[in-house]
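Just so you know, my numbering puts 71 at position 69 of the sequence shown, and the rest follows in order with no gaps.
In this text, a Cβ means the ideal position worked out from N, Cα and C, and glycines have one as well.
Computed from a predicted model, the values in this text were never measured in an experiment.
Below is one structure, written out as structure tokens; comments come after it.
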Amino acid sequence: MKKKKREYQSSELVKSFAKIYGFEDKLVAFEIKDFLEDYLDKSLFSEIRSVNIEEKCVVIKIDSPLLKHDFQMRKSFYLKKFRDKFGEEKFNDLKIL
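Right, here's the structure in full:
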């Protein structure tokens with residue numbers, strides 16, 4: 003799928019505004035949530051309440067105790083996936099709440 007020129011430019015514009023006003027982490031959190039939406043089943047994804055980044059730590063709030071336990075058991079797997087996709091330097095840890 004090829005991006006239109008205008009679509010690419012608007013994406014770059016949003017990123018530069020994020021950098022100027024200091025909400026880059028929120029944009030990355032949205033990208034992580036989009037990644038999880040593609041990666042997980044629809045019913046599992048609906049159990050994820052929020053994704054945030056606080057001091058280089060990805061914080062995922064999950065309603066389902068079973069999914070929460072699964073994320074805790076596979077914490078290093080998910081952290082590696084996020085680092086591979088978004089960059090090593092962006093995240094130090096992953097918290098599941």
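Under the 8 Å Cβ criterion, the stretch 83-91 does not count as touching the stretch 65-73, having fewer than three qualifying pairs. Per the DSSP secondary-structure output, K97 pairs in a beta bridge with V61. Under a 10 Å Cβ-count criterion, I22 is classified as exposed, with fewer than 16 other Cβ atoms of the shown protein chains found around its own Cβ. For E57, there are no CB contacts under 6 Å within the same chain when 5 residues up- and downstream are skipped. According to the DSSP assignment, S52 belongs to no alpha helix (DSSP H) but to the beta strand (DSSP E) extending over 50-56. Counting along the chain, the unbroken alpha helix (DSSP H) around E39 starts and ends at 26-41. By the Cβ neighbour-count rule, F79 is exposed, with fewer than 16 other Cβ atoms within 10 Å of its own. Of the candidates A31, R85, E14, the residue whose Cα lies closest to the Cα of S52 is A31. If the five residues before and after L46 are omitted, its C-beta is found closer than 7 Å to the C-beta atoms of L69, all from its own chain and listed in chain order. Going by DSSP, K77 is part of the alpha helix (DSSP H) stretching over 77-88.
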